[in-house]
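Chemist:
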Amino acid sequence: MKPGIHPPYGPVVFRDRAADFAFLTRSTATSDKTIEWEDGGTYPVIDVEISSASHPFYTGTARVLDTAGRVERFERRYGRREDGR
413 MKPGIHPPYG PVVFRDRAAD FAFLTRSTAT SDKTIEWEDG GTYPVIDVEI SSASHPFYTG
473 TARVLDTAGR VERFERRYGR REDGR
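Basically the numbering used here = 1-based index in the sequence shown + 412.
Structural data, given as structure tokens:
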């Protein structure tokens, strides 16, 4: 790597306030806000809107859409096209 052209890479805490979940990782992202972590260190904290703790796919609350049923319901409501497509 060329020296002097890359941002500093260090420990950062990402916090999902909706799920009350945080994790410490390394990133080039920074923040003026800090948090005291479990190990006693103080790290920059970045608040995120969604994480694996709150995303429906990871929490198991995702709904599977029935696309065939949606198409049939649309056709019942609005009818089929005249050219059969």
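We put the beta carbon where it would ideally sit given N, CA and C, even for glycine. Source: prediction; values computed, not measured.
1) Measuring CB to CB, does Thr446 end up less than 8 Å from Pro420?
2) Would you mind sorting Ala510 into buried or exposed? The rule is 16 or more other CB atoms within 10 Å of its CB.
3) Just verifying my parser: in three-state terms, what is the DSSP assignment at Arg485?
4) Per DSSP, Arg438 forms a beta bridge with which residues?
5) Determine which residues share a DSSP beta bridge with Glu448 and list them.
Modeler: Quick answer:
1) Along the sequence shown, read from residue 1 onward, the residue named residue 446 stands at position 34. Along the sequence shown, read from residue 1 onward, the residue named residue 420 stands at position 8. No. Outside cutoff.
2) The question about residue 510 has no answer here: the residues shown for the chain are numbered 413 through 497.
3) Here residue 485 corresponds to residue number 73 of the sequence shown, with the count starting at 1. Three-state DSSP puts Arg485 in a helix.
4) Stepping through the sequence shown from its first residue, residue 438 is reached at position 26. Answer by DSSP bridge pairing, in chain order: Pro423.
5) Counting from 1 along the sequence shown, the entry for residue 448 is found at position 36. Glu448 is bridged to Thr454.
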